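This report refers to the structure that appears directly beneath it.
2 protein chains.
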Amino acid sequence: MSQTVQQIIEMILAAVPGAPFAQTVDTLKIGDPREPVTGIAVTFLATVEVIEAAIARGANFIITHEPTFYNHLDDVQWLEKDAVYTAKRRLLEDHGMAVWRFHDYLHAMRPDPTMTGMLRALNWADYQDPSNPFVCHLPPRSLETLVAEVKTALGLETVRVVGAGDACERVGILVGAPGGEWQIKVFGQGNVDVLLCGEINEWETNEYVRDALGLGLVKALVVLGHAASEEPGMREMVPWLQARVPEVPVSFVSVGEPFMWR
Amino acid sequence: MSQTVQQIIEMILAAVPGAPFAQTVDTLKIGDPREPVTGIAVTFLATVEVIEAAIARGANFIITHEPTFYNHLDDVQWLEKDAVYTAKRRLLEDHGMAVWRFHDYLHAMRPDPTMTGMLRALNWADYQDPSNPFVCHLPPRSLETLVAEVKTALGLETVRVVGAGDACERVGILVGAPGGEWQIKVFGQGNVDVLLCGEINEWETNEYVRDALGLGLVKALVVLGHAASEEPGMREMVPWLQARVPEVPVSFVSVGEPFMWR
Chain P
11 MSQTVQQIIE
21 MILAAVPGAP
31 FAQTVDTLKI
41 GDPREPVTGI
51 AVTFLATVEV
61 IEAAIARGAN
71 FIITHEPTFY
81 NHLDDVQWLE
91 KDAVYTAKRR
101 LLEDHGMAVW
111 RFHDYLHAMR
121 PDPTMTGMLR
131 ALNWADYQDP
141 SNPFVCHLPP
151 RSLETLVAEV
161 KTALGLETVR
171 VVGAGDACER
181 VGILVGAPGG
191 EWQIKVFGQG
201 NVDVLLCGEI
211 NEWETNEYVR
221 DALGLGLVKA
231 LVVLGHAASE
241 EPGMREMVPW
251 LQARVPEVPV
261 SFVSVGEPFM
271 WR
Chain Y
11 MSQTVQQIIE
21 MILAAVPGAP
31 FAQTVDTLKI
41 GDPREPVTGI
51 AVTFLATVEV
61 IEAAIARGAN
71 FIITHEPTFY
81 NHLDDVQWLE
91 KDAVYTAKRR
101 LLEDHGMAVW
111 RFHDYLHAMR
121 PDPTMTGMLR
131 ALNWADYQDP
141 SNPFVCHLPP
151 RSLETLVAEV
161 KTALGLETVR
171 VVGAGDACER
181 VGILVGAPGG
191 EWQIKVFGQG
201 NVDVLLCGEI
211 NEWETNEYVR
221 DALGLGLVKA
231 LVVLGHAASE
241 EPGMREMVPW
251 LQARVPEVPV
261 SFVSVGEPFM
271 WR
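In the order they appear, the protein sequences are chains P and Y.
This note's numbering numbers the first residue of the first sequence as 11 and each following residue consecutively.
This note's numbering numbers the first residue of the second sequence as 11 and each following residue consecutively.
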């Protein structure tokens, strides 16, 4: 007898320090927790294409890092008459799919798999600063070289860059969208030359770096994209789950590049 | 005798329905409200470069749409030891500059100058839907043509695009970063083919449009950038101010393109 959705969620929570949390967005968004799992699809965000790929692979359980219904809390009240929402919901229901968000608990694992995954994708694990896990100390290279390397390693077409640097050595990594205060503190307290980040608010970190440059300080920011910054972390969970539920097929479904750059 | 910073702020508020507001981010961020104004620099965001340009023009009052210190409330407690913040603050103090934020009050003006400015920049004022000021009804054109036109009109190097469209007719415009719920409602309630927006959260509107496409609906999103979407609105305030304080030189300072696209 295969494990149920609920049993797999509980198995994951058993590996998270402090879990279960009183407050978390990591809830079952749709589906029956008692359903036996035929297969798990791990993804950054359960788009319609991801759901269809999961169905095609025979999976009935999607573990997603980001929301399914276009807002952080997956509040759906305001979407009840929306054609996209109702059709997506019907697709999930018609195929008996369960979707669980794995966001707060993922970032609470030690080490955080999003950092482990990014270091693996960049092949930088040896450069991680022992005193600050969000900083890598690299042999110096120009910002241009650094950006080209990161794009190749992560398979990105275009990234957004602010700033400058002839000898980038201390590189901060802050995936996702933790907000400007966290990102800016990596420049100050982490004393980095460059920050690689997932997503920004455009009145925050990019303008901080632009001001640094205007004041004669050499700093840079590379905005990878939210999905690009966290897919490597979710990929880490595939072998992790395979080792713990060997009877269930587990696979990763990429959301691909969200944007066309025109 | 020239008008003071405070007198000019009060003159603006007199034109805003419902002003002054009990809660607003539109406060004097630095400077003496009793200071006579030698010149006004209007901008999207008071970067170090913008401040230097204002000083060079002899202006001692900057009216900015977005924050000066990298967060929506211009809270500076967490920045007190930050080298960029302290140097920027010193630059402003050394030159006796006043900086006032003009955000909530700008969007409360009727019509909202950010919409008027965008329609003027795009030369679309004749297409505005009389029943919904955030929608334009254009002669149909392909998404590709629409994007090229918008880029030329706004002087943009690169925009981010999601979706498709062979015959884009109903085009929504929502400047700034009002959040996914507002943006997504323009697709539903405004029934638009395309939304032009300033900034997104990458787990919201872009994924909604990607899902629409996955479900066979023809929708598109063009992410202009926050600055690109609101500079035309702030530009509208230059002749508006000039007409009301003819004795004070008023000029616009552009923040330029915030990003290098690599």
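Note that CB positions come from ideal geometry on N, CA and C, so glycine has one too.
Quick caveat: nothing in here was measured; it's all calculated off a predicted structure.
- Using a Cβ-Cβ cut-off of 8 angstroms, Val171 of chain P is close to Phe269, Met270, Trp271 and Arg272 of chain Y, given in chain order.
- Only residues of its own chain outside the window of five on either side were considered, and among them Lys229 have a CB closer than 6 angstroms to the CB of Ala222 of chain Y, listed in chain order.
- Separation of Pro121 of chain Y and Lys161 of chain P (C-alpha to C-alpha, rounded to the nearest whole angstrom) is 43 angstroms.
- Three or more Cβ pairs closer than 8 angstroms define a contact, and the stretch 61 to 79 of chain P meets that threshold against the stretch 106 to 117 of chain P.
- With fewer than 16 other beta carbons inside 10 angstroms of its own, Asp136 of chain Y counts as exposed.
- If you check each beta-carbon in the stretch 220 to 234 of chain P against every beta-carbon of chain Y, the ones closer than 7 angstroms belong to Arg220, Asp221, Ala222, Gly224, Leu225 and Leu227.
- In this structure Thr14 of chain P touches Val47 of chain P by the C-beta definition: roughly 7 angstroms separates them, less than 8 angstroms.
- Looking at the DSSP output, Leu206 of chain Y sits in a beta bridge with Y:Ile183 and Y:Val232.
- Chain P has a Cβ within less than 7 angstroms of the Cβ of His236 of chain Y.
- Among the residues of the stretch 161 to 194 of chain P, those with a Cβ less than 8 angstroms away from any Cβ of chain Y are Lys161, Thr168, Val169, Arg170, Val171, Val172, Ala187, Gly190, Glu191 and Ile194, in the order of the chain.
- Contact between the stretch 169 to 181 of chain Y and the stretch 199 to 206 of chain P is absent: fewer than three C-beta pairs spanning the two stretches fall below 8 angstroms.
- Close CB contacts of Ser239 of chain P within its chain, under the 8 angstroms cut and outside five residues either way in sequence, are with Thr124, Met128, Val185, Gly186, Leu206, Cys207, Gly208 and Glu209 (chain order).
- Counting only runs of 4 or more residues that sit fully inside the stretch 115 to 194 of chain P, the alpha helix (DSSP H) segments are 123 to 132 and 153 to 164, in chain order.
- Proximity to Val94 of chain Y across P:Val265, P:Arg254, P:Leu225 and P:Gln138 peaks at P:Leu225, based on C-alpha coordinates.
- Within chain Y, Tyr218, Asp221, Ala222, Leu225 and Leu227 have C-beta atoms less than 7 angstroms from the C-beta of Val94 of chain P, given in sequence order.
- Distances from the alpha-carbon of Tyr80 of chain P to those of Y:Pro268, Y:Glu212, Y:Pro150 and Y:Val233 put Y:Glu212 closest.
- Here Val232 of chain Y is not near Ala51 of chain Y, since their CB atoms are 7 angstroms or more apart.
- DSSP places Arg111 of chain Y in the strand class (E or B) of the three-state scheme.
- A Cβ of chain Y is located within less than 7 angstroms of the beta carbon of Ala97 of chain P.
- In chain order, Val52, Val260 and Phe262 place their CB closer than 6 angstroms to the CB of Val248 of chain P, counting only its own chain and leaving out the 5 sequence neighbours on each side.
- With respect to chain P, the C-beta atom of Gly198 of chain Y has a partner C-beta closer than 7 angstroms.
- One alpha carbon belongs to Val258 of chain Y, the other to Ala158 of chain P, and they sit about 48 angstroms apart.
- CA-CA distance, Lys98 of chain P to Thr78 of chain Y, rounds to 41 angstroms.
- Arg111 of chain P sits close to Val35 of chain P, with the two beta carbons spaced by under 7 angstroms.
- Taking 7 angstroms as the CB threshold, Trp110 of chain Y stays off the interface with chain P.
- Within the stretch 39 to 62 of chain Y, Leu55, Thr57, Val58, Glu59 and Glu62 place their CB atoms closer than 8 angstroms to a CB of chain P, listed in sequence order.
- For Trp250 of chain P, no Cβ of chain Y is located within less than 7 angstroms of the residue's own Cβ.
- With contacts defined by Cβ atoms closer than 7 angstroms, Leu251 of chain Y and Val169 of chain Y do not form a contacting pair.
- If you check the CB distance, His75 of chain Y and Met244 of chain Y come in under 7 angstroms.
- Taking C-alpha positions only, Val196 of chain P is separated from His117 of chain P by approximately 18 angstroms.
- Of the other Cβ atoms in all chains shown, 16 or more fall within 10 Å of the Cβ of Arg220 of chain P; this residue is therefore buried.
- Around the CB of Ala237 of chain P, 16 or more other CB atoms lie within 10 Å, so the residue is classed as buried.
- In the displayed model, Phe31 of chain P falls within coil according to three-state DSSP, outside both helix and strand.
- A direct Cα-to-Cα measurement between Thr96 of chain Y and Leu83 of chain Y gives close to 17 angstroms.
- Not one beta carbon of chain P lies nearer than 7 angstroms to the beta carbon of Glu257 of chain Y.
- Taking C-beta separations shorter than 6 angstroms and ignoring five residues to either side along the sequence, the partners of Cys146 of chain P in its chain run Trp134, Tyr137, Gln138 and Val181, following chain order.
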